[in-house]
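Trainee:
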């Protein structure tokens with residue numbers, strides 16, 4: 001390694017000496033935001049004169065905060081974090097690469113992680129059984145029975161690959177395990193001259209990897225294919241980002257939670273547009289934000305679009321490391337390194353930022369978000385009015401505007417965010433208006449009667465049918481989790497119960513949560529309300545909510561009711577939570593319980609009673625909402641470092657099922673042709689040693705014509721597999737019954753399932769088939785309506801290339817590599833969109849799909865496109881380097897016209913991947929020749 005700027009130095013901590021690369025020897029480094037200082041150190045330490053050059057270091061030191069065309073750098077993360085939904089296909093790809101390396105005459109052992117890779121199995125548990133004392137055990141057994149083939153692959157990978165560790169199922173959620181155990185903050189590793197110390201950095205195969213940003217660790221979500229390249233020693237090509245500084249001041253008011261804060265930030269930063277940018281938190285309010293709340297803010301970075309959202313290292317960081325049982329030497333190393341490198345928080349120092357946005361924490365008020373997007377915040381005070389209008393068919397924007405207007409200007413002054421516990425009671429009824437100004441006081445109503453537990457009852461539009469405390473976002477936060485349990489205690493003591501039609505689930509992010517619940521004596525109160533432990537995993541937030549209560553499902557389906565879920569997660573995209581649930585709302589864990597008690601989104605949480613006590617008196621939310629002091633007392637008395645050290649002492653051990661699996665030995669995996677979970681992917685079939693020349697796309701047809709905000713959930717579903725879908729038909733043809741389908745996410749190791757699931761979301765709206773939801777299209781030119789998979793099969797047989805037309809923010813949501821893998825395997829050669837979400841654009845390139853973008857202000861609609869035309873992309877063939885723009889020639893049968901489109905291949909490294917047909921063939925060819 002080179003040392004062009006003479007930054008190599010030593011740091012002494014206790015009796016240990018570490019090699020470090022000093023930032024203060026780079027002129028101007030003190031003006032850089034925290035996140036860019038971390039990137040600068042990364043470049044200094046990895047400078048080799050080839051991939052990482054002195055010019056890149058100079059470009060970083062001279063970073064222009066206002067430039068949108070900053071230089072390209074090569075970033076080398078310290079480690080890779082994976083969860084099993086994305087980790088399984090990563091391992092499948094690596095195994096297939098070993099086979100391909102052998103076929104091409106190379107050494108298969110070259111396909112091996114060169115940096116630590118840690119995988120946590122957390123996405124596979126389904127909440128089949130709930131509100132029972134044995135729910136956890138039953139769900140765990142069902143999980144293992146369904147996923148044994150996948151787990152055998154992971155166990156094989158752990159013993160066959162170096163530097164690859166697997167946290168077994170039923171342990172915790174990857175981001176909480178990362179926060180509580182895996183994260184080092186300052187990483188140490190043996191270098192060529194002895195031990196090195198440097199910032200802990202990572203990429204993760206899950207969008208919510210930035211949760212660890214709350215600990216001062218820089219990391220973000222990438223697609224599985226990018227993670228594989230990082231594991232194989234390939235630095236990540238990226239442009240130096242713009243950095244938004246979010247200045248915090250004040251303190252959260254009584255009665256608000258970290259969830260309310262993060263929903264406020266998500267709404268704020270979506271409006272500011274931070275896609276592709278870093279967010280650095282700074283200012284006097286930083287010290288008032290607990291570490292768990294910082295993690296909550298980092299967690300939802302994908303929901304507001306930033307790549308990372310990071311807090312600096314300070315005393316709160318050290319306190320959390322101490323609380324979670326990290327070794328004292330490591331804690332002293334973190335402090336010494338951060339202070340030495342200028343990474344310690346100084347509230348009086350303001351670095352340069354591309355933009356500064358300010359947030360006074362005292363202005364945050366109780367909120368929920370939904371019903372389709374996490375950034376669509378609804379102040380709790382106005383929720384009934386807004387939901388009323390949503391049920392009447394209004395858009396979120398119109399419903400919010402109308403809901404706030406109808407409340408009256410003096411009902412809840414925005415400048416007075418009073419706590420729920422002291423909020424004054426309103427007398428004005430919920431009132432909404434149609435477009436002509438007429439009052440609409442009646443809820444859209446068509447109640448369905450049903451019998452539950454021998455009692456006759458009814459549900460209506462707006463009924464809450466799922467109430468789930470789930471997801472890494474909140475279950476890592478002791479304050480909101482204890483707050484929920486204390487609310488449950490007070491509710492039970494007042495004689496309240498959850499409504500019988502609500503499916504109630506509790507899925508903590510780690511076993512430590514249940515430890516402090518048990519220790520504080522709060523578990524029985526949660527269980528009394530039906531919030532029994534169902535598993536340690538993402539469950540509802542990833543679509544593993546399991547079936548609704550059968551009678552509820554039947555009644556809602558028969559009456560075509562619009563029913564709702566309330567979850568403490570981070571994702572509520574259409575079709576994600578449950579195919580029968582049209583409205584999904586994000587809320588804090590205490591509010592999840594409150595809505596379970598109410599049983600309907602119609603309830604005004606700040607005015608209406610949740611029920612009656614044993615004396616027949618109304619009980620309001622303000623009566624049972626715990627105070628900050630009450631929560632703190634319980635947290636302080638029941639949370640200690642010993643719980644973390646004991647809880648993680650055998651983190652890789654697993655249960656008897658995990659330990660008892662028979663795992664074959666050998667450098668190459670023994671594929672099973674009859675496996676419905678794991679199949680050898682076709683990416684390397686007949687791959688030549690040299691890539692084929694690029695060619696233009698001629699005579700392509702549109703497979704799907706999509707609108708704005710199409711998410712990776714729309715492109716590649718993660719939840720239940722419908723029996724009548726192409727994937728469901730495939731599984732049934734294999735003799736698998738619908739009850740054993742498991743989920744799309746669990747079957748990501750089988751490309752046959754995933755191809756059939758691509759564009760199969762039940763809420764997908766393909767404009768080629770207007771007025772219809774689901775994975776259907778029209779085959780052209782005959783116009784026959786069929787599934788997208790069947791149309792793709794026919795087009796491929798006829799050697800017709802395909803394109804996708806899309807609107808803005810195409811591919812937002814989860815970092816789902818199968819959204820790109822499925823796209824390419826369906827025969828799609830290019831996507832033409834108004835704009836892209838960062839990760840999905842990168843993933844498309846990584847799979848050899850050309851991302852094209854309309855010029856500013858242009859859309860498919862402004863060009864009068866119907867999707868029935870044929871499309872040719874001209875300007876790729878023979879071009880080196882690739883052009884910044886190409887011609888898209890559209891033939892509607894009456895003549896042709898040309899559209900100019902941007903080529904969204906942004907860096908030379910991305911161009912290299914595209915030329916090779918994707919990042920995996922590129923890496924394989926590189927390793928073959930070294």
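Numbering (the numbering used here), first residue to last: 1 to 930. Note that the Cβ used here is the ideal one computed from N, Cα and C, for glycine as well.
1. Can you confirm whether the region 717–730 touches the region 538–550 when touching is taken to mean that 3 or more C-beta pairs between the two stretches lie within less than 8 Å?
2. Looking only at C-alpha atoms, which of 402, 230, 168 sits nearest to residue 385?
3. Measuring only the C-alpha atoms, how far is residue 213 from residue 35?
4. So what's residue 195 in DSSP terms, helix, strand or just coil?
5. Helix, strand or coil for residue 649? Go by DSSP, reduced to three states.
6. Can you tell me whether DSSP reads residue 418 as helix, strand or coil?
7. Please state if the CB of residue 307 and the CB of residue 838 are separated by a distance shorter than 8 Å.
8. Determine the burial state of residue 689: buried for a count of at least 16 other Cβ atoms within 10 Å of its Cβ, exposed for fewer.
9. May I ask you to report which of helix, strand or coil DSSP gives residue 876?
10. What first and last residue would you give for the beta strand (DSSP E) that runs through residue 19?
11. Would you identify the three-state DSSP class for residue 402, choosing helix, strand or coil?
12. Taking the straight line between their C-alpha atoms, what separation do you get for residue 72 and residue 56?
13. Determine contact between the region 623–642 and the region 474–484, defined as no fewer than three beta-carbon pairs at a distance below 8 Å.
14. Does the separation of the CB atoms of residue 577 and residue 466 fall below 8 Å?
15. Just grab the DSSP bridge partners of residue 584 for me.
16. Give the DSSP bridge partners of residue 356, in chain order.
17. Taking residue 558 as the reference, which of 89, 446, 334, 234 has the closest Cα?
18. Count the other C-beta atoms from every protein chain shown that fall within 10 angstroms of the C-beta of residue 679, then say buried if there are 16 or more, exposed otherwise.
19. Quick check for students: name the residue ranges of the alpha helix (DSSP H) that lie wholly in the region 116–185, counting only runs of 4 or more.
20. Suppose the cutoff is 7 Å on Cβ atoms and the five residues either side in sequence are ignored; what does the same chain contact list for residue 45 look like?
21. Is the region 810–825 touching the region 220–231, taking contact as three or more C-beta pairs under 8 Å?
22. How would you call residue 892, buried or exposed, if buried means at least 16 neighbouring beta carbons within 10 angstroms?
23. Going by the CB atoms, is the gap between residue 365 and residue 242 shorter than 8 Å?
24. Tell me whether residue 326 sits in a helix, a strand or coil according to DSSP, three-state version.
25. Determine which residues share a DSSP beta bridge with residue 236 and list them.
26. DSSP three-state label for residue 53, please.
27. Return the bridge partner residues of residue 209 from the DSSP annotation.
28. On the DSSP bridge assignment, give the partners of residue 219 in chain order.
29. From what residue to what residue does the beta strand (DSSP E) around residue 308 run?
30. Using a Cβ-Cβ cutoff of less than 6 Å, which residues in the same chain neighbour residue 499 once the five nearest sequence positions on both sides are dropped?
31. Can we say the region 732–739 touches the region 701–709, given the rule of at least three CB pairs closer than 8 Å?
32. Where residue 165 and residue 202 are concerned, what is the direct C-alpha to C-alpha distance, given to the nearest angstrom?
33. Which same chain residues, not among the five before or five after residue 778, have their C-beta less than 7 Å away from its C-beta?
34. Short of 7 Å in beta carbon distance, which residues of its chain neighbour residue 104, apart from the five on each side in sequence? Order them along the chain.
35. Specify the secondary structure class of residue 618 as computed by DSSP and reduced to three states.
36. Looking at residue 281 and residue 350, is the spacing between their C-beta atoms short of 8 Å?
Mentor: Walking through what the data contain:
1. yes
2. 402
3. 10 Å
4. When DSSP states are grouped into helix, strand and coil, residue 195 belongs to the strand group.
5. Annotated three-state conformation of residue 649 is coil, per DSSP.
6. For residue 418, the predicted model reports a pLDDT of 32, less than 50, meaning its position is unreliable; a value from the coordinates is still stated below. In this structure, residue 418 counts as coil in the three-state DSSP scheme.
7. yes
8. Result: exposed.
9. coil
10. 16–21
11. helix
12. Roughly 7 Å separates the two Cα atoms.
13. yes
14. yes
15. 565
16. 245
17. 446
18. buried
19. If we require 4 residues or more, the alpha helix (DSSP H) runs fully inside the region 116–185 come out as 135–160, 174–177.
20. Counting only Cβ-Cβ distances below 7 Å, and skipping sequence neighbours, we find 21, 198.
21. yes
22. exposed
23. no
24. coil
25. Answer by DSSP bridge pairing, in chain order: 75.
26. Residue 53: coil per DSSP, three-state reduction.
27. Per DSSP, none; premise fails for residue 209.
28. 202
29. 308–310
30. 599
31. No, the region 732–739 is not in contact with the region 701–709.
32. 15 Å
33. 768, 769, 784, 785
34. In the same chain as residue 104, and ignoring 5 residues on each side of it, the C-beta atoms closer than 7 Å to its own belong to 689, 928, in chain order.
35. strand
36. no
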